[in-house]
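Data first, discussion second: the structure below is written as structure tokens.
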Amino acid sequence: MTDFNALLDSLSKIARDAGSAILTVYERDDLGVETKDDKSPITEADKAAHDIIVAGLETLTPEIPVYSEESGDIDYATRKDWPRFWLVDPLDGTKEFIKRNGEFTVNIALIEGDTPVLGVVYVPVTGVLYLGGRGVGAFKEENGERAAIQCRERTTPVVMVASRSHGGEAVEKLEAFIREEVGEVERTSMGSSLKLCLVAEGKADLYPRLAPTSEWDTAAAHAVVSAAGGEVVNTAFQPLVYNKPDILNPHFLVLGQAVDSWRFIAPALE
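The sequence shown: position 81 = 163 (my numbering), numbered continuously.
As structure tokens, this is what we get:
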């Protein structure tokens, strides 16, 4: 199936179904929190959403492999020759889910080669859905209405979005550098892949991620940002790529404007 518009509609339903399962757990007193081998938390909601998404994708596109955060490790020898695959984070922002602040998402992306070409990001608590893909544009669905979104031109103040759970001295250094070079900077904090979506919908100019993430954390929103006219690059200003031997991302930048307009921040990233 190559009709991206039809795929987005199907993915939207799968994401919403997963979101409903997540909310069922979210509304309970006991979230069923466990600790994975890497010391990160997992809840019953992660597992329920995983099952729904995998079943939905296997029915929708049985010929396309699915790689979910909760699939267990799929070694590179198995996946390196996949021409395309689904990359899924059933519940991105588990820490925010546990904190009950609503800033968690369902992420489903289609990867072709090493590039996200289609993605949906669903916010279960608000019912907001971000979606986009190559050749079809980027959109936000809210209150039953779908509207096109796009990245904005940079103005002053520069709006920089940062992680609610990860920040640190590197982000502080970058913020100070931009303020010195460009002028006023407004900084806002957000959890999960919502940070990328703020850039995609023109509410922020820059999201620097100078802390660890994995490919499934970013792929879906990366596709939305690209469809909205933005860029997702590493700190050498090269495109962020996927299906690497190491599933961890390098540090990266989400840019609402052309790469060349941001190269001036390179000294602050060293």
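Glycine is no exception: its CB is placed at the ideal position from the N, C-alpha and C atoms.
Only counting the same chain, and skipping five residues up and downstream in sequence, which positions put a Cβ closer than 8 Å to that of residue i?
i	result
V115	P123, I124, T125 and I180
T117	P123 and I124
G217	F86
E136	Contrary to the premise, residue 136 reads as Val rather than Glu in this sequence. Taken in chain order, the residues that qualify are V148, S150, S153 and V170.
Compare the beta carbon distance of residue i and residue j with 7 Å and say whether it is the shorter of the two.
i	j	result
V281	G338	yes
L292	V243	no
E283	P239	no
A131	I156	no
G154	C233	no
N316	P332	yes
V353	D196	Residue 353 lies beyond the range of the chain shown here (83 to 352); nothing can be said about it.
G184	A309	no
Going by alpha carbons, who is nearest to residue i out of the options?
i	options	result
L89	K129, S102, D112 and L142	L142
H304	D328, L330, K285 and L335	L335
A318	G312, R110 and P349	P349
E235	L288, D128, I329 and T187	L288
S275	T187, P147 and V323	T187
V203	L93, P290, I347 and L256	L93
P356	L105, F167, C279 and T208	Outside the shown range of the chain, which is 83 to 352, sits residue 356, and nothing can be said about it.
V210	D111, C279 and E178	C279
D172	L139, D91 and I260	Before going further, note that residue 172 is Pro rather than Asp in the sequence given. The shortest Cα separation from P172 among L139, D91 and I260 belongs to L139.
Let's test the definition: count the other Cβ atoms within 10 Å of the Cβ of residue i and tell me whether it reaches 16, buried, or not, exposed.
i	result
V341	exposed
K121	exposed
Y158	exposed
P273	According to the sequence as given, residue 273 is Gly; it is not Pro. It is buried - the Cβ of G273 has at least 16 other Cβ atoms within 10 Å.
M83	Annotation note: pLDDT 48 at M83 (below 50); position unreliable, coordinate value reported separately. Answer is exposed; the Cβ neighbour count stays below 16.
T160	exposed
D174	buried
E262	exposed
S102	exposed
N225	exposed
E352	exposed
A127	buried
What residue range is occupied by the uninterrupted beta strand (DSSP E) comprising residue i?
i	result
T143	Here T143 belongs to no beta strand (DSSP E), and DSSP marks it neither H nor E.
F167	R166 to D174
K222	G219 to E224
T187	T187 to E194
V315	E313 to N316
T197	T197 to V205
Y149	V148 to S150
Please list the terminal residues of the continuous alpha helix (DSSP H) segment that includes residue i.
i	result
Y108	F86 to Y108
E297	E297 to A309
L276	L276 to A282
Quick one: does the C-beta of residue i sit closer than 6 Å to a heavy atom of the ligand ZN?
i	result
T238	Annotation note on the ligand ZN: not contained in the displayed structure, which lists no ligands.
Between residue i and the rest of its own chain, which residues show a CB-CB distance below 7 Å, the 5 nearest in sequence each way excluded?
i	result
A229	F221 and K222
L330	P294 and S296
F346	E263
Please list, in chain order, all residues of the same chain as residue i whose beta carbon is under 6 Å from its beta carbon, the five residues on each side excluded.
i	result
A191	L169, P198, G201, A301, A302 and A305
D99	I134
E313	L337 and V341
W164	P147
K277	V243 and Y289
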